[in-house]
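For reference, the structure is listed below as structure tokens.
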Amino acid sequence: MRITTSHDDSGVTRLVLTGDLDMATTGVLDDSVAAALAATSPRRLVVDAAGLGFCDSSGIHALVRARDSAQRHGASFVVDEPTGIARRALEITGLLGVLTTVTTVDGQ
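Per UniProt numbering, the sequence shown starts with residue 1, numbered consecutively.
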């Protein structure tokens, strides 16, 4: 998995995920979330899931940990563009309604 991180002037930090989010790669997301929250203290943390090819239960758990970490740092949390298998995994686990999910984020 590859994660690209960007920050904007409105306090939004975006992590763009590309590849598979599974047991072998959840540590990469955990580390990226921790680094982004420590470096920028964003008001919103966005995980862009449009590029996820696969997401297993450990990947879903990593998204929940990311949300919890963001909230502990006073940031809102959004999963942007969950599509395909990632969206289906969120639906099956009942987390699509629990995690804030959107199809686009305008940074506001």
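Backbone N, C-alpha and C fix where the C-beta goes; we use that ideal spot for every residue, glycine too.
Quick caveat: nothing in here was measured; it's all calculated off a predicted structure.
**As assigned by DSSP and simplified to three states, the class of HIS7** = Residue mapping note: residue 7 aligns to position 7 of the sequence shown, counting from 1. The answer is strand: DSSP assigns HIS7 an E or B state.
**Request:** Report yes if the CB atom of LEU45 is closer than 8 Å to the CB atom of LEU37, and no otherwise.
**Result:** Along the sequence shown, one-based indexing puts residue 45 at 45. Along the sequence shown, one-based indexing puts residue 37 at 37. A contact, by the Cβ cut-off of 8 Å.
**Asked** Is SER10 near VAL33, with beta carbons less than 8 Å apart?
**Response** Your numbering for residue 10 matches position 10 in the sequence shown. Your numbering for residue 33 matches position 33 in the sequence shown. No, these two residues do not count as a Cβ contact at 8 Å.
**Message:** Tell me the rounded alpha-carbon separation between THR26 and VAL64.
**Reply:** Taking the first residue of the sequence shown as 1, we reach residue 26 at position 26. Taking the first residue of the sequence shown as 1, we reach residue 64 at position 64. The alpha-carbon atoms of THR26 and VAL64 are separated by roughly 11 Å.
**Message:** Classify ILE60: buried if its beta carbon has 16 or more other beta carbons within 10 angstroms, exposed otherwise.
**Reply:** For the purposes of this step, residue 60 is taken as residue 60 along the sequence shown, with counting starting at 1. Burial call: buried.
**ARG67 burial status per 10 Å Cβ neighbour count (16 or more: buried)** = For this step, residue 67 is matched to residue 67 along the sequence shown. Burial call: buried.
**Prompt:** Using the rule of at least 16 other Cβ atoms within 10 Å of the residue's Cβ for burial, across every protein chain shown, is THR83 buried or exposed?
**Reply:** The sequence position of residue 83 within the sequence shown is 83, counting from 1. Burial call: exposed.
**Pair within 8 Å by beta-carbon distance, GLY51 and VAL16** = Stepping through the sequence shown from its first residue, residue 51 is reached at position 51. Stepping through the sequence shown from its first residue, residue 16 is reached at position 16. For GLY51 and VAL16, yes; Cβs fall inside 8 Å.
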